[in-house]
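What follows is a short report on a single structure.
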Amino acid sequence: MTTFRKVLSIHTGQPASDGAGVKLTRVFGGPGVEQFDPFLMLDEFGSDQPDDYIAGFPPHPHRGFETVTYMLEGRMRHEDHMGNVGLLQGGGVQWMTAARGIIHSEMPEQEQGVMRGFQLWLNLPGKNKLMDASYQDIQPEHIPRLTTANGIEVVVIAGQFDDGQMQQAGAVQRPDTEPQYFDLHLPAGASISPRLPDGHRALLYVYEGEVAIGGCPQTVAASRLVRLGEDGELRIESAAGARVLLIAGKPLHEPIVQYGPFVMNSREEIEQALRDFRDDRLTA
Ligand code: FE2
102 MTTFRKVLSI HTGQPASDGA GVKLTRVFGG PGVEQFDPFL MLDEFGSDQP DDYIAGFPPH
162 PHRGFETVTY MLEGRMRHED HMGNVGLLQG GGVQWMTAAR GIIHSEMPEQ EQGVMRGFQL
222 WLNLPGKNKL MDASYQDIQP EHIPRLTTAN GIEVVVIAGQ FDDGQMQQAG AVQRPDTEPQ
282 YFDLHLPAGA SISPRLPDGH RALLYVYEGE VAIGGCPQTV AASRLVRLGE DGELRIESAA
342 GARVLLIAGK PLHEPIVQYG PFVMNSREEI EQALRDFRDD RLTA
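102 is the number of the first residue of the sequence shown in our numbering; add one for each residue after it.
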């Protein structure tokens, strides 16, 4: 008999505003974030109203974690203190390891049309929080995609996709947290059973349509995040079609102390980050 990963909880995103006034949905983040370890936050943004996104994210700092921006539609320009300039566009990913410190801006490179995507925050282990910052832009053509025999399109952003029939390494591999990040497009009536490493925290975010999850009697509607148990099988099916993010990672089990864009292991380290930022030494 199949043992499915348990559905531990289902979360609904909350409307929020960030940067200079960008409207978004905070799927999770803030108090109680330990239950999502090693992830710290997931934001969804999506609008065809320029007023919702045009203000962008002017220069701001980060320390102690990684940010992963996955664009579905639109164009966003990144600039940082290291001199990196990158254009992030539909289907592309920006993977930024803030570590010791980064100061960057993320500004729309469009005045109209749709801007749509996600930003995920991934924690770093304490031993890596003060390493040098790094950054990579991954263009859409460099992100592996596959289509399963039953027509499910899979975008393999990070980790190793394996459904028992097809295997595909993602565009990014990271040590310690071993993040798995897949975007799954399920046509009506299709099902899929992706294998995830035992012990990984697994999250499923439905951003279009509705899915059923093996072992769970209720269906999961759009804009809901499912937090799954750390072992067992996962089966996702959709009667009418759906698009979902499947995200998993190895928990760090370290203390999380967050103050805005700084995420460290202790209050002392946060106070040090604030002093470093004030003294212009965050990135030194
Ligand atoms: Fe940022």
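The beta carbon of each residue, even a glycine, is placed where N, CA and C say it ideally should be. Given the structure is predicted, the values throughout are model-derived calculations rather than measurements.
Would you give the residue range spanned by the beta strand (DSSP E) that proline 159 belongs to? 158–163
Whose beta carbon lies closer than 7 Å to any heavy atom of ligand 2, going through the chain in order? Among the ligands in the structure shown, ligand 2 does not appear; only ligand 1 can be found there.
Backbone secondary structure at asparagine 229 - three-state DSSP: helix
Note down, one range per segment and in chain order, each beta strand (DSSP E) of at least 3 residues found wholly within the stretch 288–334. 302–314 and 325–329
Cβ-based neighbour list, alanine 313, same chain, cut-off 8 Å, excluding 5 preceding and 5 following: Thr320, Val321, Ile337, Glu338, Ser339 and Ala340
Can you tell me whether DSSP reads arginine 127 as helix, strand or coil? strand
Ends of the beta strand (DSSP E) at glutamate 180? 176–181
Would the stretch 206–221 count as touching the stretch 157–167 if we require 3 or more Cβ pairs under 8 Å? yes
Who are the Cβ neighbours of cysteine 317 in its own chain at under 7 Å, not counting the five residues just before and after it? Val108
Provide the residue span of the alpha helix (DSSP H) that contains proline 209, from first to last. First-last for proline 209: 203–209, but that is the beta strand (DSSP E), not the alpha helix (DSSP H).
Evaluate the contact criterion for the stretch 176–185 versus the stretch 282–289: three or more CB pairs, one atom per stretch, below 8 Å. no
DSSP has tyrosine 360 in a bridge; who is on the other side? Phe363
Where does the unbroken beta strand (DSSP E) through glutamate 369 begin, and where does it stop? No beta strand (DSSP E) contains glutamate 369, which is instead part of the alpha helix (DSSP H) from 368–379.
Can you round the beta-carbon distance between valine 169 and valine 194 to whole angstroms, since I take them to be within the 8 Å contact cut? 7 Å
For glycine 265 versus threonine 104, is the C-beta spacing smaller than 8 Å? no
How should valine 186 be labelled, buried or exposed, when 16 other C-beta atoms within 10 angstroms of its C-beta is the threshold for buried? exposed
Could you give the distance in angstroms between the alpha-carbon of glutamate 145 and the alpha-carbon of valine 327? 15 Å
Using DSSP's beta-bridge definition, name the partner residues of proline 116. Thr126
Leucine 141 bridges to which residues according to DSSP? Looking at the DSSP assignment, leucine 141 forms no beta bridge with any residue, so it has no partner.
Between valine 256 and leucine 305, which are expected to be in contact by the criterion C-beta below 8 Å, what is the C-beta distance as a whole number of angstroms? With a Cβ gap of about 15 Å, valine 256 and leucine 305 do not count as contacting.
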